[in-house]
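Residue numbers (the numbering used here): 16 to 247.
Below you can see the structure in the form of C-alpha coordinates.
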(Lines of atoms letter the chains of each structure in order from A and count residues from 1; the text may use other names and numbers.)
(Lines give C-alpha, C1' and ligand atoms only; values in the text may rest on other atoms or scores of the structure.)
Protein backbone atom coordinates (compact mmCIF):
# COMPACT_ATOMS: atom_id res chain seq x y z
CA UNK A 1 0.00 0.00 0.00
CA UNK A 2 1.44 3.34 -1.07
CA UNK A 3 1.54 5.97 1.64
CA UNK A 4 -0.01 9.33 0.85
CA UNK A 5 1.65 12.67 1.64
CA UNK A 6 -0.95 13.22 4.37
CA UNK A 7 -0.23 9.87 6.03
CA UNK A 8 3.50 10.56 5.84
CA UNK A 9 2.95 13.98 7.41
CA UNK A 10 0.81 12.39 10.11
CA UNK A 11 3.55 9.84 10.77
CA UNK A 12 6.14 12.58 11.16
CA UNK A 13 3.89 14.40 13.62
CA UNK A 14 3.53 11.18 15.63
CA UNK A 15 7.32 10.97 15.76
CA UNK A 16 7.40 14.53 17.08
CA UNK A 17 4.98 13.43 19.79
CA UNK A 18 7.22 10.48 20.68
CA UNK A 19 10.26 12.74 20.93
CA UNK A 20 8.34 15.11 23.18
CA UNK A 21 7.36 12.19 25.40
CA UNK A 22 11.03 11.14 25.65
CA UNK A 23 11.95 14.69 26.61
CA UNK A 24 9.13 14.75 29.16
CA UNK A 25 10.24 11.44 30.67
CA UNK A 26 13.72 12.83 31.23
CA UNK A 27 12.28 15.98 32.79
CA UNK A 28 9.87 14.02 35.00
CA UNK A 29 12.61 11.70 36.27
CA UNK A 30 14.90 14.64 37.00
CA UNK A 31 12.11 16.42 38.89
CA UNK A 32 11.31 13.36 41.00
CA UNK A 33 14.95 12.61 41.74
CA UNK A 34 15.83 16.19 42.68
CA UNK A 35 12.63 17.22 44.44
CA UNK A 36 10.79 14.07 45.56
CA UNK A 37 13.38 12.25 47.60
CA UNK A 38 15.66 10.77 44.98
CA UNK A 39 12.97 8.57 43.40
CA UNK A 40 12.40 7.89 39.70
CA UNK A 41 8.96 8.09 38.14
CA UNK A 42 9.83 6.69 34.70
CA UNK A 43 12.94 4.58 35.32
CA UNK A 44 11.68 1.53 37.19
CA UNK A 45 15.04 -0.22 36.84
CA UNK A 46 16.52 2.58 38.92
CA UNK A 47 13.77 2.20 41.53
CA UNK A 48 14.37 -1.53 41.82
CA UNK A 49 18.03 -0.83 42.50
CA UNK A 50 17.18 1.91 45.01
CA UNK A 51 14.87 -0.45 46.90
CA UNK A 52 17.82 -2.73 47.62
CA UNK A 53 20.38 -0.11 48.67
CA UNK A 54 19.76 -0.50 52.40
CA UNK A 55 22.89 1.40 53.47
CA UNK A 56 21.66 4.59 51.81
CA UNK A 57 20.79 7.46 54.19
CA UNK A 58 17.05 7.60 54.93
CA UNK A 59 16.65 4.20 53.30
CA UNK A 60 13.14 3.58 54.66
CA UNK A 61 11.75 6.69 52.97
CA UNK A 62 13.60 5.79 49.77
CA UNK A 63 12.29 2.23 49.94
CA UNK A 64 8.69 3.37 50.43
CA UNK A 65 9.01 5.89 47.61
CA UNK A 66 10.61 3.49 45.14
CA UNK A 67 8.12 0.69 45.87
CA UNK A 68 5.23 3.15 45.57
CA UNK A 69 6.53 4.30 42.19
CA UNK A 70 6.94 0.72 40.95
CA UNK A 71 3.45 -0.33 42.07
CA UNK A 72 1.77 2.77 40.63
CA UNK A 73 3.68 2.45 37.36
CA UNK A 74 2.86 -1.26 37.01
CA UNK A 75 -0.82 -0.79 37.87
CA UNK A 76 -1.33 2.00 35.34
CA UNK A 77 0.70 0.16 32.70
CA UNK A 78 -1.74 -2.73 33.08
CA UNK A 79 -4.72 -0.38 32.97
CA UNK A 80 -3.38 1.42 29.91
CA UNK A 81 -2.69 -1.77 27.98
CA UNK A 82 -6.12 -3.16 28.88
CA UNK A 83 -7.82 0.01 27.65
CA UNK A 84 -5.94 -0.16 24.34
CA UNK A 85 -6.01 -3.94 23.86
CA UNK A 86 -8.44 -3.54 20.95
CA UNK A 87 -5.90 -1.34 19.13
CA UNK A 88 -2.83 -3.55 19.08
CA UNK A 89 -1.95 -3.05 15.42
CA UNK A 90 1.10 -0.73 15.25
CA UNK A 91 0.55 2.25 13.02
CA UNK A 92 1.91 5.65 12.15
CA UNK A 93 -1.65 6.99 12.13
CA UNK A 94 -3.21 7.78 15.51
CA UNK A 95 -6.63 6.61 14.35
CA UNK A 96 -7.28 4.98 17.73
CA UNK A 97 -8.30 8.00 19.75
CA UNK A 98 -7.92 5.92 22.92
CA UNK A 99 -4.17 6.52 22.65
CA UNK A 100 -4.69 10.27 22.79
CA UNK A 101 -7.03 9.71 25.73
CA UNK A 102 -4.16 8.01 27.56
CA UNK A 103 -2.13 11.19 27.22
CA UNK A 104 -5.09 13.21 28.46
CA UNK A 105 -5.20 10.95 31.53
CA UNK A 106 -1.48 11.50 32.01
CA UNK A 107 -1.95 15.27 31.72
CA UNK A 108 -4.69 15.21 34.38
CA UNK A 109 -2.50 13.21 36.77
CA UNK A 110 0.41 15.57 36.20
CA UNK A 111 -1.87 18.55 36.79
CA UNK A 112 -2.66 17.10 40.22
CA UNK A 113 1.08 16.73 40.84
CA UNK A 114 1.48 20.42 39.98
CA UNK A 115 -1.24 21.33 42.50
CA UNK A 116 0.31 19.15 45.21
CA UNK A 117 3.65 20.82 44.55
CA UNK A 118 2.44 24.42 44.27
CA UNK A 119 0.41 24.20 47.49
CA UNK A 120 3.41 22.75 49.34
CA UNK A 121 1.84 19.42 50.20
CA UNK A 122 4.81 17.53 48.72
CA UNK A 123 7.04 18.76 51.55
CA UNK A 124 5.34 16.35 53.97
CA UNK A 125 6.33 12.65 53.68
CA UNK A 126 2.79 11.54 52.82
CA UNK A 127 2.41 14.32 50.27
CA UNK A 128 5.73 13.37 48.70
CA UNK A 129 4.63 9.75 48.36
CA UNK A 130 1.33 10.90 46.82
CA UNK A 131 3.22 13.02 44.28
CA UNK A 132 5.49 10.08 43.44
CA UNK A 133 2.50 7.77 42.92
CA UNK A 134 0.65 10.27 40.72
CA UNK A 135 3.72 11.11 38.64
CA UNK A 136 4.58 7.42 38.16
CA UNK A 137 1.01 6.67 37.08
CA UNK A 138 1.16 9.55 34.60
CA UNK A 139 4.43 8.30 33.12
CA UNK A 140 3.00 4.79 32.85
CA UNK A 141 0.11 6.04 30.71
CA UNK A 142 2.59 7.96 28.55
CA UNK A 143 4.62 4.78 28.17
CA UNK A 144 1.59 2.82 26.96
CA UNK A 145 0.68 5.56 24.50
CA UNK A 146 4.24 5.66 23.17
CA UNK A 147 4.38 1.86 22.89
CA UNK A 148 1.17 1.80 20.87
CA UNK A 149 2.29 4.68 18.66
CA UNK A 150 5.90 3.73 17.99
CA UNK A 151 5.08 1.23 15.19
CA UNK A 152 8.05 -1.09 14.65
CA UNK A 153 10.79 1.49 15.03
CA UNK A 154 11.70 0.28 18.52
CA UNK A 155 11.21 3.67 20.16
CA UNK A 156 10.38 3.73 23.85
CA UNK A 157 10.12 6.91 25.87
CA UNK A 158 10.89 5.61 29.36
CA UNK A 159 12.76 2.34 28.79
CA UNK A 160 15.77 3.85 27.06
CA UNK A 161 17.75 0.62 27.42
CA UNK A 162 15.29 -0.95 25.01
CA UNK A 163 15.68 1.88 22.52
CA UNK A 164 19.46 1.69 22.80
CA UNK A 165 19.28 -2.08 22.26
CA UNK A 166 17.17 -1.61 19.11
CA UNK A 167 19.63 1.02 17.86
CA UNK A 168 22.68 -1.20 18.33
CA UNK A 169 20.82 -4.17 16.81
CA UNK A 170 20.07 -2.11 13.70
CA UNK A 171 23.68 -0.96 13.46
CA UNK A 172 24.95 -4.53 13.76
CA UNK A 173 22.50 -5.76 11.12
CA UNK A 174 23.17 -2.80 8.78
CA UNK A 175 19.55 -1.70 8.99
CA UNK A 176 18.60 1.98 8.95
CA UNK A 177 14.87 1.51 9.56
CA UNK A 178 13.76 3.84 12.34
CA UNK A 179 17.36 4.56 13.31
CA UNK A 180 17.16 8.35 13.19
CA UNK A 181 14.08 8.61 15.39
CA UNK A 182 15.56 6.14 17.90
CA UNK A 183 18.79 8.13 18.24
CA UNK A 184 16.83 11.35 18.68
CA UNK A 185 14.64 9.67 21.29
CA UNK A 186 17.71 8.66 23.29
CA UNK A 187 19.14 12.18 23.11
CA UNK A 188 15.86 13.79 24.16
CA UNK A 189 15.90 11.97 27.50
CA UNK A 190 19.04 13.64 28.93
CA UNK A 191 18.03 16.91 27.27
CA UNK A 192 14.80 16.82 29.25
CA UNK A 193 16.75 16.10 32.43
CA UNK A 194 19.09 19.03 31.75
CA UNK A 195 16.22 21.44 31.18
CA UNK A 196 14.40 20.26 34.29
CA UNK A 197 17.56 20.66 36.36
CA UNK A 198 17.77 24.26 35.17
CA UNK A 199 14.13 24.80 36.16
CA UNK A 200 14.68 23.32 39.64
CA UNK A 201 17.80 25.42 40.15
CA UNK A 202 16.27 28.70 38.97
CA UNK A 203 12.55 28.40 39.74
CA UNK A 204 11.92 25.40 41.97
CA UNK A 205 8.24 26.28 42.36
CA UNK A 206 7.78 25.46 38.66
CA UNK A 207 9.42 22.02 38.94
CA UNK A 208 6.57 19.75 37.75
CA UNK A 209 5.31 22.22 35.17
CA UNK A 210 7.87 21.37 32.49
CA UNK A 211 6.94 17.66 32.09
CA UNK A 212 3.27 18.64 32.33
CA UNK A 213 3.60 21.22 29.55
CA UNK A 214 5.52 18.77 27.37
CA UNK A 215 2.79 16.12 27.80
CA UNK A 216 0.22 18.70 26.67
CA UNK A 217 2.36 19.48 23.61
CA UNK A 218 2.68 15.76 22.80
CA UNK A 219 -1.09 15.27 23.00
CA UNK A 220 -1.61 18.32 20.79
CA UNK A 221 0.79 16.86 18.22
CA UNK A 222 -1.28 13.67 18.13
CA UNK A 223 -4.48 15.64 17.59
CA UNK A 224 -2.83 17.48 14.69
CA UNK A 225 -1.58 14.19 13.24
CA UNK A 226 -5.06 12.70 13.43
CA UNK A 227 -6.57 15.66 11.59
CA UNK A 228 -3.91 15.50 8.88
CA UNK A 229 -4.59 11.81 8.26
CA UNK A 230 -8.38 12.20 8.32
CA UNK A 231 -8.16 15.04 5.80
CA UNK A 232 -6.33 12.79 3.32
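Backbone N, C-alpha and C fix where the C-beta goes; we use that ideal spot for every residue, glycine too. Note that this is a predicted model, so its numbers are computed, not measured.
Nearest by alpha-carbon distance to residue i: which of the options is it?
i: residue 123; options: 163, 224 and 237; result: 224
i: residue 56; options: 186, 93, 183 and 158; result: 158
i: residue 27; options: 195, 131, 58 and 79; result: 195
i: residue 239; options: 115, 48 and 160; result: 115
i: residue 129; options: 70, 219, 235 and 71; result: 219
Cα separation between residue i and residue j?
i: residue 50; j: residue 138; result: 9 angstroms
i: residue 85; j: residue 76; result: 14 angstroms
i: residue 263; j: residue 90; result: With the chain represented from 16 up to 247, any question about residue 263 goes unanswered, as that position is not in the structure.
i: residue 186; j: residue 144; result: 41 angstroms
i: residue 142; j: residue 188; result: 48 angstroms
i: residue 217; j: residue 140; result: 24 angstroms
i: residue 58; j: residue 184; result: 22 angstroms
i: residue 237; j: residue 213; result: 28 angstroms
i: residue 199; j: residue 209; result: 15 angstroms
Leaving out five residues before and five after residue i in sequence, what residues of the same chain have Cβ atoms less than 8 angstroms from its Cβ?
i: residue 87; result: 147, 148, 149, 151, 152 and 155
Compute the beta-carbon to beta-carbon distance between residue i and residue j, rounded to the nearest angstrom, for a pair I have assumed lies under 8 angstroms.
i: residue 65; j: residue 81; result: 4 angstroms
i: residue 182; j: residue 201; result: 7 angstroms
i: residue 222; j: residue 132; result: 6 angstroms
i: residue 48; j: residue 203; result: That pair is no contact at about 17 angstroms.
i: residue 117; j: residue 95; result: 6 angstroms
Which same chain residues end up closer than 6 angstroms to residue i when comparing Cβ atoms and leaving out the 5 residues on each side of it in sequence?
i: residue 120; result: 156
i: residue 211; result: 42, 45, 46 and 225
i: residue 62; result: 55, 81, 84 and 85
Can you find the residues in the same chain that come closer than 7 angstroms, C-beta to C-beta, to residue i, ignoring five residues on each side of it along the sequence?
i: residue 36; result: 157, 161, 172 and 233
**Asked** Does the region 26-39 come close enough to the region 157-164 to have 3 or more Cβ pairs within less than 8 angstroms?
**Response** With three or more CB-CB distances shorter than 8 angstroms, the region 26-39 counts as touching the region 157-164.
**Message:** Using 8 angstroms as the cut-off, can you tell me whether the region 35-44 makes contact with the region 221-239, which would need three or more C-beta pairs spanning the two stretches below that distance?
**Reply:** Contact check between the region 35-44 and the region 221-239: three or more CB pairs, one atom from each, fall below 8 angstroms, which counts as touching.
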